[in-house]
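Read in order, the letters of the sequence shown are residues 636 to 1255 in the working numbering. Every residue, glycine too, gets a C-beta built ideally from N, C-alpha and C. Just so you know, these numbers come straight off a predicted model, no measurement behind them. This report refers to the structure that appears directly beneath it.
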Amino acid sequence: MSAIPSIRELFETGYLSSLDYHLAEALERIAGEEDPLIALATAVACRATTNGHVCADLESLVSTSLLDGSGDPIPGASWPDLARWLPALRESRLVTDGDSLSPLVLENDQRLYLGRYWDLQRRLVGEIEARLALPPDSPDEEVLRQGIERVFAPGADEPDWQKAAAVAALRNNFTVISGGPGTGKTTTIVKILVLLFEQALNAGSPPLLIDLLAPTGKAAARLEESVRTAGSGLELPEETRRLIQLAGATLHRRLGYSRRGFGSFRHGKDNPLGSDVVIVDEASMIDLSMMTRLFEAVPRSSRLILIGDEHQLASVEAGAILGDICDSGRRSGWSPSFLEKLEALTGSTYHQASSKEESPLADCIVELQRSYRFDDSSGIGKFARLVRDGEAAKAVECLQAAEHEDISQLTAKEPGGIEESTREIILEAYEGYLKQADPVLRMEAFNSFRILCAHRRGPHGVSNLNRLVETALEGAGLLTREGWWYHGRPILITRNDYQLDLFNGDTGLIVRDEERDGALRAQFIDPEGRIRSFAPARLPPHETAYAMTIHKSQGSEFDRVFVVLPNGPSLILSRELIYTAITRAKKKVILLGDEDTITAGIEKKIERASGLRRALWGEG
């Protein structure tokens, strides 16, 4: 192979996908571009987006080895020297610096974008900056101060980060509330809604129009249920209690997604939503395209509140947008003026480093820092913090400590391997739901536990774990497989079906319905606890769900999780993946993986290339 490989050679080694190769070849042919360096640039820009990046960082790229599809170095292959590559890009008719539409955009001689992603990023930056340019709202401070005293418990922890989030949301028309598991994000949102309703009532304004949104149907239903549950725990006037009985919806549905319109949306800049407040949960799952469309669809005069955990896995598609907006890892402090106003309204002292300069974006971001689910003695809470902070050695020590009963490590036994190691766990976890006759209790029992895998394929992947569960349960006489659909089979919906009101991420069970002469039906339980039953043949695409990928588990919570890490080197294993997996559990975690695998995962932090963080926060 030549020192600088052609795109054909990279395709044949597996470095480039078919899409990467054919897109580069087509653009080269259409534009009459004959320089192989431009074809290579096009291919790597395309490859970057399929791997979750918004752009290709050329400086970082040329410092790495060229790898084949198995992750091994390609013998004799190397990247072009930037001193030769950059001039070729500047002179190409396919490349601009973003001042006009073009297939490729080169930013600062470093970041190379496909034109579509450059445009999406430019529009998102413009929307955020336009909101930051607006002056802070001026709520009635006495009404707000009294409201804070009433809805937040007296004697609460100091400083109370939930109060800080409430003040930020009442003053800004764009707010980010970030926090780990059990930090009270949903409770905070309910209290913010109460304070907003009080401001509107005091001003004589009509009732606020509120949207509760999330990236998936599962997450939207959970947000709706959580808001109602949190509201029921507060002492509220009946009128306010009625106002917070809100329905959740997916982003796609609320924005009016249309497949017929080539993926277009009914709502956008030219046809914005009519909502006064738009609240979006699980914001870490939102990619660049959807985040841009969301910002454009929400009027700048309306409040947009993003909720999420910036340390979780980012979206499957391009971008780590929430992390970039939050400036994860090096966030600036609040401005002196915001800190002064916050302490005056809450009566609390916040020992947060404040910026010497006014920082409109920093003033929009609050991280909830206290977990009400995991106290200082919790192994899950401690392990999650250590994983989040990249403290691999201390995390492994915590995992193996005998004093933590809520988290433990399991290593696959030999020669029986994973099958022997997991059989006892499987039977203990899943026999309960199979013995339940009541549909609601049966679903609750099943949803109390889940197996979470890093991979879909392989011995430690979802497909094999589902097979092992079926074999173990059938061997114990707990179920009988009579085909693809059988009594007790759990299913996970993988594509939205708006006609049936079933969404990607919804979980149900195939059961024999005695009221229908024992016919097999797919049963789902809605947020109100009602049974929804369908003929299995009517279901949208779905899969067996004893085990699921960690990515698919985002937006879900279980009492107990069994996390299955790969049994060898893995390109996808990362700090964010492990953190996301263990924070799905409320009571207990069992982590299957050896010390080397766990350490390697924690030490690998996902870095997604984009220009968003730089555009919002500057270099550094």
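By alpha-carbon positions, which one of the options ends up nearest to residue i?
{"i": "A835", "options": "L654, D911, S727", "result": "D911"}
{"i": "F809", "options": "A854, V951, C961", "result": "C961"}
{"i": "S1262", "options": "P640, V915, A678, I639", "result": "The structure shown does not extend to residue 1262, since the chain spans only 636 to 1255, so no value can be given for it."}
{"i": "A1172", "options": "P816, P1162, R857, R1156", "result": "R1156"}
{"i": "L1114", "options": "I1145, G1190, L654", "result": "I1145"}
{"i": "I1241", "options": "E669, G1025, G1190", "result": "G1025"}
{"i": "E1087", "options": "L767, P1201, D655, F1009", "result": "It is worth fixing the name first, because residue 1087 is Leu in this sequence and not Glu. The residue with the shortest Cα to Cα distance from L1087 is P1201."}
{"i": "G1016", "options": "D795, D716, I1217", "result": "I1217"}
{"i": "L1045", "options": "V1196, V862, A849, E793", "result": "V1196"}
{"i": "L658", "options": "D670, L675, G649, T648", "result": "L675"}
{"i": "R877", "options": "H902, A855, L843", "result": "L843"}
{"i": "A1111", "options": "G1246, E647, R1058", "result": "R1058"}
{"i": "P1266", "options": "V1022, R1248, G1164", "result": "Nothing about residue 1266 can be reported from this structure: the residues present for the chain run from 636 to 1255 only."}
{"i": "I956", "options": "L929, A1047, D795", "result": "L929"}
{"i": "S1209", "options": "D922, Q947, G1236, F1009", "result": "G1236"}
Identify whether residue i lies in helix, strand or coil by the three-state DSSP scheme.
{"i": "H1186", "result": "helix"}
{"i": "P794", "result": "coil"}
{"i": "P1050", "result": "With a pLDDT of 45 at P1050, under the threshold of 50, the predicted position of this residue should be treated as unreliable, though the coordinate-derived value follows. Coil, per DSSP."}
{"i": "C1088", "result": "strand"}
{"i": "F1159", "result": "strand"}
{"i": "L759", "result": "helix"}
{"i": "Q617", "result": "Coverage of the chain is limited to positions 636 through 1255, which leaves residue 617 absent and any answer about it impossible."}
{"i": "H986", "result": "coil"}
{"i": "A804", "result": "helix"}
{"i": "H1177", "result": "strand"}
{"i": "L1045", "result": "strand"}
{"i": "A955", "result": "coil"}
{"i": "L693", "result": "helix"}
{"i": "Y892", "result": "strand"}
{"i": "D655", "result": "helix"}
{"i": "P640", "result": "coil"}
{"i": "F973", "result": "helix"}
{"i": "E885", "result": "As written in the sequence, residue 885 is Thr, which differs from the Glu given in the question. Correct three-state label for T885: strand."}
{"i": "I940", "result": "strand"}
Going by the CB atoms, is the gap between residue j and residue i shorter than 9 Å?
{"i": "H1095", "j": "L1227", "result": "yes"}
{"i": "I763", "j": "L908", "result": "no"}
{"i": "V951", "j": "D846", "result": "no"}
{"i": "E1054", "j": "L1108", "result": "no"}
{"i": "E932", "j": "L890", "result": "This sequence places Ala at residue 932; Glu is not what is there. Yes; because the gap between Cβ atoms is below 9 Å, this pair is in contact."}
{"i": "M920", "j": "G1190", "result": "yes"}
{"i": "L729", "j": "L693", "result": "no"}
{"i": "G943", "j": "F1138", "result": "no"}
{"i": "A691", "j": "Y748", "result": "yes"}
{"i": "G883", "j": "A855", "result": "yes"}
{"i": "R1219", "j": "R1085", "result": "yes"}
{"i": "F832", "j": "T885", "result": "no"}
{"i": "L739", "j": "L672", "result": "no"}
{"i": "R857", "j": "D905", "result": "no"}
{"i": "I1039", "j": "S1006", "result": "First, the residue type needs correcting, since residue 1039 is His and not Ile in the sequence shown. No."}
{"i": "V811", "j": "I940", "result": "yes"}
Roughly how many whole angstroms lie between the Cα atoms of residue i and residue j?
{"i": "L1076", "j": "A1064", "result": "15 Å"}
{"i": "P1050", "j": "E1211", "result": "For P1050, the predicted model reports a pLDDT of 45, less than 50, meaning its position is unreliable and no value from the coordinates is stated."}
{"i": "I1126", "j": "G1067", "result": "17 Å"}
{"i": "L755", "j": "E1117", "result": "49 Å"}
{"i": "V825", "j": "I879", "result": "7 Å"}
{"i": "S983", "j": "E793", "result": "7 Å"}
{"i": "V1199", "j": "Y985", "result": "40 Å"}
{"i": "H1090", "j": "T1184", "result": "6 Å"}
{"i": "D1148", "j": "C999", "result": "51 Å"}
{"i": "Y656", "j": "C681", "result": "9 Å"}
{"i": "L848", "j": "I639", "result": "47 Å"}
{"i": "R766", "j": "M926", "result": "14 Å"}
{"i": "E629", "j": "V802", "result": "A question about residue 629 goes unanswered here, because the residues of the chain that appear run from 636 up to 1255."}
{"i": "S867", "j": "P1162", "result": "15 Å"}
{"i": "G750", "j": "D1141", "result": "35 Å"}
{"i": "Y1214", "j": "E726", "result": "45 Å"}
{"i": "V862", "j": "T822", "result": "7 Å"}
{"i": "D1231", "j": "L1100", "result": "22 Å"}
{"i": "R746", "j": "R758", "result": "17 Å"}
{"i": "V689", "j": "R785", "result": "44 Å"}
Which complete alpha helix (DSSP H) runs does the region 813 to 876 hold, if anything under 4 residues is left out? 820 to 838, 852 to 867, all fully within the region 813 to 876.
Run through the region 1072 to 1125 for me and flag every whole alpha helix (DSSP H) of 4 or more residues, listed as ranges in chain order. List check, alpha helix (DSSP H) in window: 1074 to 1081, 1097 to 1110.
Residue ranges of each alpha helix (DSSP H) run of no fewer than 4 residues wholly in the region 993 to 1034, ordered along the chain? The region 993 to 1034 is shown to contain whole alpha helix (DSSP H) runs of 4 or more residues at 1014 to 1023, in chain order.
Run through the region 1182 to 1232 for me and flag every whole alpha helix (DSSP H) of 4 or more residues, listed as ranges in chain order. 1185 to 1188, 1210 to 1217, all fully within the region 1182 to 1232.
In the region 718 to 774, which residue ranges form an unbroken alpha helix (DSSP H) of at least 4 residues, counting only runs that do not cross its ends? List check, alpha helix (DSSP H) in window: 750 to 768.
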